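All remarks here apply to the structure that follows.
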Amino acid sequence: MSDKKHNVPEHLGIILDGNRRWAVENNVPKLEGHRRGYENLKEIAKYAFDNGVEYVSAFVFSTENWNRSSDEVDYLMKLLIWVAKNEAKELHELNIKIKFAGEEDRLSRGVLKSMRDAEELTHANSGGTLLLCLNYGGRQEIASAVNKILIDKPNIEKITPELIGRYLYSPEVPDVDMIIRTSGEQRLSNFMLWRAAYSELYFSEKKWPAFQVDDLKIALNNYKKRHRRFGR
Numbered sequence: 556m557s558d559k560k561h562n563v564p565e566h567l568g569i570i571l572d573g574n575r576r577w578a579v580e581n582n583v584p585k586l587e588g589h590r591r592g593y594e595n596l597k598e599i600a601k602y603a604f605d606n607g608v609e610y611v612s613a614f615v616f617s618t619e620n621w622n623r624s625s626d627e628v629d630y631l632m633k634l635l636i637w638v639a640k641n642e643a644k645e646l647h648e649l650n651i652k653i654k655f656a657g658e659e660d661r662l663s664r665g666v667l668k669s670m671r672d673a674e675e676l677t678h679a680n681s682g683g684t685l686l687l688c689l690n691y692g693g694r695q696e697i698a699s700a701v702n703k704i705l706i707d708k709p710n711i712e713k714i715t716p717e718l719i720g721r722y723l724y725s726p727e728v729p730d731v732d733m734i735i736r737t738s739g740e741q742r743l744s745n746f747m748l749w750r751a752a753y754s755e756l757y758f759s760e761k762k763w764p765a766f767q768v769d770d771l772k773i774a775l776n777n778y779k780k781r782h783r784r785f786g787r
């Protein structure tokens with residue numbers, strides 16, 4: 556739940572959409588759009604944490620993204636390794652914790668090692684948690700949770716929402732208070748389906764690399780004006 560006193564989302568989710576279209580509009584290689592997108596995420600997350608947000612979840616690579624060209628997927632995996640190795644050091648100095656959420660199948664040993672190294676380096680940090688959703692799908696997360704329950708409790712007679720919540724990826728991460736999606740698209744695209752039950756949704760026309768701190772300020776101010784009922 557959000558901080559009621561200051562009305563800041565405790566958990567902010569971001570669907571980083573529009574990297575390739577931004578690149579086309581700016582006459583740079585599409586792969587450069589992805590690199591700029593990761594650079595932008597760092598700045599946005601830093602501002603969010605400095606202003607009361609405790610968790611930022613970023614949809615960086617979906618289970619459906621494997622359908623893109625092999626060159627693009629290979630570049631994205633190499634970029635992820637670079638980010639985990641290099642950006643993790645800077646985020647560590649800023650007291651930011653890095654975590655990953657998603658299925659490990661199909662990820663290379665190099666990607667997995669860089670992920671685990673980044674998590675280990677930053678695990679004791681307390682200045683905000685950056686959750687990178689990699690090889691992630693909301694439906695897959697729920698199915699994975701149910702399968703884990705059935706393995707751990709083969710004789711269970713009833714599965715409750717509370718029990719499923721304890722088996723999600725990074726179960727200590729709370730529900731998402733606000734989801735921002737860039738590039739003008741207005742859908743969740745299989746992101747955080749379980750945790751988004753009562754999320755406030757905010758859509759920006761800007762492509763992700765062009766979404767700046769000032770745009771985040773506008774989004775957070777918009778959030779402050781909303782009255783969250785939680786079904787009441």
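Quick note: the sequence shown uses the working numbering, first residue 556, plus one each step. Beta carbons are placed, not taken as given, at the ideal position from N, Cα and C, and that holds for glycine. As the structure is a computational prediction, the values presented were derived from the model and not from experiment.
Which stretch, first to last residue, makes up the beta strand (DSSP E) that contains residue i?
i	result
residue 566	566 to 570
residue 733	733 to 736
Grouping DSSP H, G and I as helix and E and B as strand, with all else coil, what is residue i?
i	result
residue 559	Since pLDDT at residue 559 reaches only 47, below the 50 mark, its modelled position is unreliable, and the value read off the structure follows with that caveat. Coil.
residue 612	strand
residue 755	strand
residue 714	coil
residue 593	helix
residue 651	coil
residue 663	coil
residue 656	strand
What number of angstroms, rounded off, separates the C-alpha of residue i from the C-alpha of residue j?
i	j	result
residue 591	residue 633	14 Å
residue 757	residue 710	42 Å
residue 621	residue 628	7 Å
residue 556	residue 716	Note that residue 556 has pLDDT 49, beneath the 50 cutoff, so the model's placement of it is unreliable and no number is given.
residue 737	residue 664	31 Å
residue 658	residue 597	23 Å
residue 609	residue 708	32 Å
residue 599	residue 702	35 Å
residue 577	residue 583	9 Å
residue 605	residue 671	25 Å
residue 688	residue 643	15 Å
Take residue i and list the residues in its own chain whose beta-carbon comes closer than 6 Å to its own, dropping the five residues that flank it on each side.
i	result
residue 669	636, 639, 640
residue 568	612, 731, 734, 747
So residue i is in the alpha helix (DSSP H); what residue range does that whole segment cover?
i	result
residue 777	768 to 779
residue 689	That residue, residue 689, is in no alpha helix (DSSP H); its beta strand (DSSP E) goes 684 to 691.
residue 625	625 to 637
residue 575	574 to 580
Assuming the contact rule is C-beta atoms closer than 8 Å, residue i and residue j should be a hit. Round their C-beta distance to whole Å, please.
i	j	result
residue 755	residue 781	5 Å
residue 683	residue 651	5 Å
Counting only the same chain and skipping the five closest in sequence on each side, list residues whose C-beta sits under 8 Å from that of residue i.
i	result
residue 559	Bear in mind that the predicted position of residue 559 carries a pLDDT of just 47, short of 50, making it unreliable; the figure below should be weighed with that in mind. Nothing listed; no residue qualifies.
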